[in-house]
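The sequence shown begins at 2 in the numbering used here and counts up by one.
Taking it in order: structure first as structure tokens, then the write-up.
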Amino acid sequence: MKFTKMHGCGNDYVYVNCFEEKVENISKTAVKISDRHFGVGSDGLVLICPSEKCDVKMRMFNSDGSEAEMCGNAVRCVGKYVHDRGIVNKNVITVETLGGIKVLDMQLDEKGTVSVVKVDMGEPILKPELVPVKGEGDEPVKDLKIKAADKEFIFTCVSMGNPHAVTVIDDVDSFNVAKYGSIVEVDENFPRKTNTEFVQIVDKTNLKMRVWERGAGETLACGTGACGTAVACCLNGICEKGSNITIKLLGGSLVINWSNEDNHVYMTGPAQFVFDGVWNE
Numbered sequence: 002m003k004f005t006k007m008h009g010c011g012n013d014y015v016y017v018n019c020f021e022e023k024v025e026n027i028s029k030t031a032v033k034i035s036d037r038h039f040g041v042g043s044d045g046l047v048l049i050c051p052s053e054k055c056d057v058k059m060r061m062f063n064s065d066g067s068e069a070e071m072c073g074n075a076v077r078c079v080g081k082y083v084h085d086r087g088i089v090n091k092n093v094i095t096v097e098t099l100g101g102i103k104v105l106d107m108q109l110d111e112k113g114t115v116s117v118v119k120v121d122m123g124e125p126i127l128k129p130e131l132v133p134v135k136g137e138g139d140e141p142v143k144d145l146k147i148k149a150a151d152k153e154f155i156f157t158c159v160s161m162g163n164p165h166a167v168t169v170i171d172d173v174d175s176f177n178v179a180k181y182g183s184i185v186e187v188d189e190n191f192p193r194k195t196n197t198e199f200v201q202i203v204d205k206t207n208l209k210m211r212v213w214e215r216g217a218g219e220t221l222a223c224g225t226g227a228c229g230t231a232v233a234c235c236l237n238g239i240c241e242k243g244s245n246i247t248i249k250l251l252g253g254s255l256v257i258n259w260s261n262e263d264n265h266v267y268m269t270g271p272a273q274f275v276f277d278g279v280w281n282e
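Here you go:
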């Protein structure tokens, strides 16, 4: 099976062109190919497939074999792949995902290849039952208290096609993300588990974030998580809606804007090719 390794801000996946390849036992393959000692090594497996309603379809599987609704860093890489390899000959591309249709605006370098992608991530989902998170009524959950080991956190819950729980802490650099993120991920308040973002406020347009991803553990970046974080900080008056918010992750930075005009969240960030290979089971 031919594959391509790509990453967005260090959030790395193995990509397979399913216009040409067929993947058997997808979940099992995702686990094997993601293994950083015995496989290619990645945060998961992404399939680039034909779509009946968009230019392409993306299916994304975590390193534990579970299928996720969306991945912001992966969808940028899908855009770069199909543009640079001539599968879609347009600079604005639509991608079908389990988290809805995403519109990608390609920004090209001097060689004509994609270097940066701006993604219309759509409107954030705030209604508790749709996130999903346990909560009453239709109002966003902004004060969910969860005790994890020896600490209590207050979470704001947002879905960007997949669930996110965002909390503010004093210092992300020294924080034990694995200890607390693994507990919050499976908390009973989250029917489909959750991604967990730990956020440090630098100022109203600059944030630092580390993330524990559902089904993958801590990763160097999470695009939907950065979007969810920006929305949560706007909801809580930390940042201003309509402003460009730079979120610094372990693997790089993303710029997020929750637009006042259409209520959509826009994410801008890099997409980078690493190498091509052949996987032999």
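Positions of the beta carbon are idealized from the N, C-alpha and C atoms, including for glycine.
{"Query": "Whole-angstrom distance between Y267 and K146, CA atom to CA atom", "Result": "29 Å"}
{"Query": "Residues near H84 in its chain [Cβ-Cβ closer than 7 Å; skip 5 each side]", "Result": "I94, M107, V115"}
{"Query": "Residue from L208, G40, I102 with nearest C-alpha to I257", "Result": "L208"}
{"Query": "According to DSSP, residues forming a beta bridge with C50", "Result": "K58"}
{"Query": "Between the CA atoms of E198 and P141 - distance to the nearest angstrom", "Result": "17 Å"}
{"Query": "Nearest neighbour of V118, chosen from Y82, R86, C19, D151 [CA to CA]", "Result": "Y82"}
{"Query": "Contact belief for N196 with R215 at Cβ below 8 Å, rounded distance in angstroms", "Result": "5 Å"}
{"Query": "Where the beta strand (DSSP E) containing T230 begins and where it ends", "Result": "It is not in any beta strand (DSSP E) - T230 instead sits in the alpha helix (DSSP H) that spans 224-236."}
{"Query": "Buried versus exposed call for F276 [16 or more other C-beta atoms within 10 Å across all chains shown]", "Result": "exposed"}
{"Query": "Cβ neighbours of G278 in the same chain (closer than 6 Å, five flanking residues each side left out)", "Result": "F4"}
{"Query": "Which listed residue (S183, R60, C240, C158) has its alpha carbon closest to that of G226", "Result": "C158"}
{"Query": "Among I88, E70, M122, nearest to L311 - alpha-carbon criterion", "Result": "Nothing about residue 311 can be reported from this structure: the residues present for the chain run from 2 to 282 only."}
{"Query": "Identity of the residue in T230, G182, A75 nearest K205 by Cα", "Result": "T230"}
{"Query": "Where G136 falls: helix, strand or coil (DSSP)", "Result": "coil"}
{"Query": "L109, buried or exposed, once every other Cβ within 10 Å from all chains shown has been counted against 16", "Result": "exposed"}
{"Query": "Straight-line gap, M59 to N245 (C-alpha atoms, nearest Å)", "Result": "27 Å"}
{"Query": "Nonlocal neighbours in the same chain, by C-beta distance under 7 Å from K143, ignoring five residues either side", "Result": "T157, L236, N237"}
{"Query": "Assigned secondary structure, T206 (DSSP; H/G/I helix, E/B strand, else coil)", "Result": "coil"}
{"Query": "At least three beta-carbon pairs within less than 8 Å, the region 43-61 to the region 16-32", "Result": "yes"}
{"Query": "Other residues of its chain near D121: CB distance less than 7 Å, five sequence neighbours each side excluded", "Result": "K103, V104, H265, Y267"}
{"Query": "Opposing strand residues paired with V17 [DSSP bridges]", "Result": "L48"}
{"Query": "D263 versus V232: straight-line alpha-carbon distance, rounded", "Result": "14 Å"}
{"Query": "For G138 and R37, the rounded distance between their alpha carbons", "Result": "43 Å"}
{"Query": "Distance CB(G73)-CB(V32) smaller than 8 Å", "Result": "no"}
{"Query": "Pairwise C-alpha distance: D151 and G80", "Result": "42 Å"}
{"Query": "Minimum length 4: unbroken alpha helix (DSSP H) runs contained in the region 56-91", "Result": "73-85"}
{"Query": "N- and C-terminal bounds of the beta strand (DSSP E) containing E186", "Result": "Per DSSP, E186 belongs to no beta strand (DSSP E); it is in the alpha helix (DSSP H), 178-186."}
{"Query": "Which listed residue (W280, G101, N92, C234) has its alpha carbon closest to that of V169", "Result": "C234"}
{"Query": "Buried/exposed call for R193, threshold 16 Cβ in 10 Å", "Result": "exposed"}
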